[in-house]
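In this note's numbering, the protein residues as written are 3 to 276.
Okay, structure coming up:
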């Protein structure tokens, strides 16, 4: 009986000492919550659901204001973009989190101090939440200029075409590939910059968030053309960004996406002339 109790106590201790299951569970909850919130917004926008106060509040996120936006308009748009950041960019940060936890696990086995991976993710998401704030300002400016439709996509095909072609061209730039390489294989970078204090690990997350932002910002900008509440294209872009960082050879995904975006962009530029 004592041996059985000792076994279970040892198993529970190992589970508690290993932060990986809890970290992955937390990431999964945030990602699911982000997609669930966006799906609810899309449903409300399409007129599905009851007329409860909560759904009316969510529906206000889907309304493009005319004229100059108020602070409330910007805040509500920020909530939408933040949900997009959690839904789309947390999965793309999986290589970052996995590498950190592998190194932290090895360090802890040697009785070295390690910081919870949640601190790293907090730094990483701080960058993407800042991006969400900037995107909200851009959305507000476009709405005030009457450049967005009621479905929140760019009305002028020429502007949309230029955005798509620019995003496609970014897929071929050295900056894109340098940042993608660091996103895919952060081990060397972590080892060269390793910290064992919370502020230091938070800054590691910030730095990796900036690297990821430089890698993926153009793909996120495509949402202004596809429609800010278009869940299909949101999911497609999220899958592309995850594949870029996880498949053994990402060049077909990166270059293929770039070519498709350039072709679609060119089509939008030609359409007004036909």
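A virtual CB, placed ideally from N, CA and C, is assigned to each residue, including glycine.
Everything numeric in this text was worked out from a predicted model, so none of it was measured.
Counting only runs of 4+ residues, the alpha helix (DSSP H) found wholly inside the region 108-192 occupies 119-146, 159-172, 176-186, in chain order. Taking 7 Å as the cut-off, the beta carbon of residue 266 is found closer than this to the beta carbon of residue 166.
Residue 92 sits away from residue 40, with the two beta carbons spaced by 7 Å or more.
According to the DSSP assignment, residue 245 belongs to the alpha helix (DSSP H) that extends over 233-248. By the criterion of at least three beta-carbon pairs nearer than 8 Å, the region 136-151 is in contact with the region 71-82. In this chain, the alpha helix (DSSP H) harbouring residue 255 covers 253-272.
Residue 81: member of the alpha helix (DSSP H) spanning 73-94, first to last residue. In this chain, the alpha helix (DSSP H) harbouring residue 206 covers 200-223.
Counting every other CB atom within 10 Å of its CB across the protein chains shown gives residue 213 a total of 16 or more, marking it as buried. Take the alpha-carbon of residue 183 and the one of residue 88: they are about 22 Å apart. A Cβ-Cβ distance of about 7 Å is found for the pair residue 153 and residue 231, placing them in contact under the 8 Å criterion.
Residue environment: residue 29 is assigned as buried (16 or more neighbouring CB atoms within 10 Å of its CB, all protein chains considered). With 16 or more neighbouring CB atoms inside 10 Å of its own CB, residue 119 falls in the buried class. Burial is judged here by how many other beta carbons sit within 10 angstroms of a residue's own beta carbon; residue 189 has fewer than 16 and is exposed. Ranked by how close their Cα comes to the Cα of residue 270, the residues 227, 253, 245 have 227 in first place. Assignment of residue 229 by DSSP, reduced to helix, strand and coil, places it in the coil class. In the structure shown, residue 197 adopts coil according to DSSP, grouped into three states. With distances taken between CA atoms, residue 102 lies nearest to 126 out of 126, 273, 130.
Just so you know, the alpha carbons of residue 124 and residue 36 end up roughly 16 Å apart. Counting only residues of its own chain and dropping the five nearest sequence neighbours on each side, residue 208 has a CB closer than 7 Å to the CB of 125, 128, 129. Per the C-alpha coordinates, the member of 210, 233, 252, 142 positioned closest to residue 73 is 142. The region 105-122 and the region 215-226 do not touch, with fewer than 3 CB-CB distances between them shorter than 8 Å. Between the region 188-202 and the region 234-253, the count of C-beta pairs closer than 8 Å stays below three; the two stretches do not touch.
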